[in-house]
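As structure tokens, the structure follows; a few thoughts come after it.
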């Protein structure tokens, strides 16, 4: 006899399909701004003796964010009153191309300062009723810095004001936006010339320049020369010599040399099998070396290695975030300068991110469409996810 109750069918958890997200792209909605967040976190963890060092780490983290053309979430005024809505805009912000001419919302502090707030991810923007429900735009960090510097009614800007925050006054903003890079150290010019020749496949001409750079004590020259010995390009192959040079460069602070040591442990040789444990420890050491010296030439490569060596097996979504940062940074680097090694790293990152997307969106009917959108969102005009 019917009970009169509606029969409800439950789908088993293991068969539940993940709905496709807006896209695996570098930006505040998906990856956040990891370099800025890490630098701010380290600043708060510093003791009195480390505070100055960590402050400069924050400056370098912000400089890296500018190199990466990082976007942040910024409240805007859509009406003269600046009224708030009932729902969060942070996860679906106004895109940069539609935010032109909008007035940015400013935050007044109890001490009488007026600053532009910028948020590195949606959860930070929604952490206080003061900004929850305000319209949000996703804008380049550089654009927000420039507006905070130019407006006479502002004292600067603040990153993530509702949590562990960092206030940037106009003096610091001016230094970040208009500082010039340091002059070449001994051997850097030779290494740069060698890179340009190597990008053209002219290894026989590039190797002597790397050797000259190494002789002047340049860590990059040592690393590039080690790569020649490791692959036999431009010189006879000698993997022991390569490892010696990598260790010497790493001891002088070259992050990518430490990465190369991890790569050697991961790949092994004909006589020695690969050791993933040693490789992971080498990559972690490289991360520790780079945390206070963030740069677009190193940090995206580390994101790529950590995605495969650590996050890939345990957290696919974290691996995707790391890979999105790696692809974005390496693509910008390759557009800026011809570098054979950077091109190889970019191809590796693109393939890894496509594989990761296939796993995350397994079973989605429009998977190929998602991969094509992913390529477009990452601004990789010459790359395709097949």
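Numbering (the working numbering), first residue to last: 519 to 904. Think of the CB as a built atom: it goes at the ideal place given N, C-alpha and C, for glycine as much as any other residue. Owing to the predicted nature of the structure, the values given are computational and were not obtained by experimental measurement.
Restricting to runs no shorter than 4 residues, where is the alpha helix (DSSP H) found entirely within the region 645-711?
659-668, 688-696
Quick one: residues in its chain with C-beta nearer than 7 Å to the C-beta of residue 609, no 5 flanking neighbours on either side, listed in chain order?
547, 640
Residue 804 versus residue 817: straight-line alpha-carbon distance, rounded:
10 Å
Where the alpha helix (DSSP H) containing residue 849 begins and where it ends:
834-854
Quick one: any contact between the region 821-838 and the region 871-883, if contact means 3 or more CB pairs under 8 Å?
yes
Three-way DSSP call (helix, strand, coil) for residue 808 in this model:
helix
Contact belief for residue 738 with residue 687 at Cβ below 8 Å, rounded distance in angstroms:
That belief does not hold up - the Cβ atoms of residue 738 and residue 687 are roughly 34 Å apart, past 8 Å.
Put residue 620 into one of helix, strand or coil per three-state DSSP.
coil
Distance, residue 566 Cα to residue 736 Cα:
Taking C-alpha positions only, residue 736 is separated from residue 566 by approximately 33 Å.
For my contact list, residue 577 and residue 694 are in at a C-beta cut-off of 8 Å; report their separation, rounded to the angstrom.
7 Å between Cβ atoms; contact.
May I ask you to report which of helix, strand or coil DSSP gives residue 753?
coil
Taking 8 Å as the threshold, find out whether the region 649-664 comes into contact with the region 607-625 through three or more Cβ pairs.
yes
Validate contact between the region 549-556 and the region 780-789 using beta carbons, cut 8 Å, 3 pairs:
no
Beta-bridge pairing of residue 626 - partner residues as DSSP gives them
632
Expressed to the nearest angstrom, what Euclidean distance is found between the alpha-carbon atoms of residue 667 and residue 630?
Residue 667 and residue 630: Cα-Cα distance of roughly 17 Å.
Run through DSSP, which three-state label would residue 547 get?
Here residue 547 sits in coil by DSSP.
Helix, strand or coil for residue 936 per DSSP?
Any answer about residue 936 is impossible in this case: the structure gives the chain only from 519 up to 904.
Is the beta carbon of residue 778 sitting closer than 8 Å to the one on residue 744?
yes
Need the endpoints of the beta strand (DSSP E) that residue 591 sits in, please.
Per DSSP, the unbroken beta strand (DSSP E) holding residue 591 starts and ends at 589-595.
Assuming the contact rule is C-beta atoms closer than 8 Å, residue 632 and residue 672 should be a hit. Round their C-beta distance to whole Å, please.
Contact holds; Cβ gap of about 5 Å.
Secondary structure at residue 539, three-state DSSP: helix, strand or coil?
With a pLDDT of only 45 at residue 539, under the threshold of 50, the placement of this residue in the model should not be trusted; the figure read from the coordinates follows. DSSP places residue 539 in coil when its eight states are reduced to three.
Residue 809, buried or exposed, once every other Cβ within 10 Å from all chains shown has been counted against 16:
buried
Please name the residue in 813, 860, 572, 877 whose C-alpha comes closest to that of residue 833.
877
For residue 864 and residue 802, what's the separation of their Cα atoms in angstroms?
21 Å
Starting from residue 814, follow its DSSP beta bridges and name the residues at the other end.
Residue 814 is not bridged to any residue.
When the distance is taken between beta carbons, is residue 637 closer than 8 Å to residue 591?
yes
Just the C-alpha distance for residue 626 and residue 648, rounded to the nearest angstrom, thanks.
If I take the Cα positions, the gap works out to 11 Å.
Can you name the start and end residues of the alpha helix (DSSP H) that residue 580 belongs to?
Here the alpha helix (DSSP H) through residue 580 covers 569-585.
Cα-Cα separation, residue 855 to residue 604:
Going by the C-alpha atoms only, they are around 46 Å apart.
Grab me the residues of residue 792's own chain with a C-beta within less than 8 Å of its C-beta, minus the 5 sequence neighbours each way, in chain order.
If we look at residue 792 and ignore the five residues flanking it on each side, its Cβ neighbours are 783, 784, 785, 786.
Would you call residue 890 buried or exposed, if buried means 16 or more other Cβ atoms sit within 10 Å of its Cβ?
exposed
Sub-8 Å separation of residue 549 and residue 842 beta-carbons
Yes. Within cutoff.
By DSSP's criteria, residue 612 is part of a beta bridge. Which residues make up the other side?
655
Buried versus exposed call for residue 849 [16 or more other C-beta atoms within 10 Å across all chains shown]:
Classification for residue 849: buried.
By alpha-carbon positions, which one of 709, 829, 740 ends up nearest to residue 761?
740
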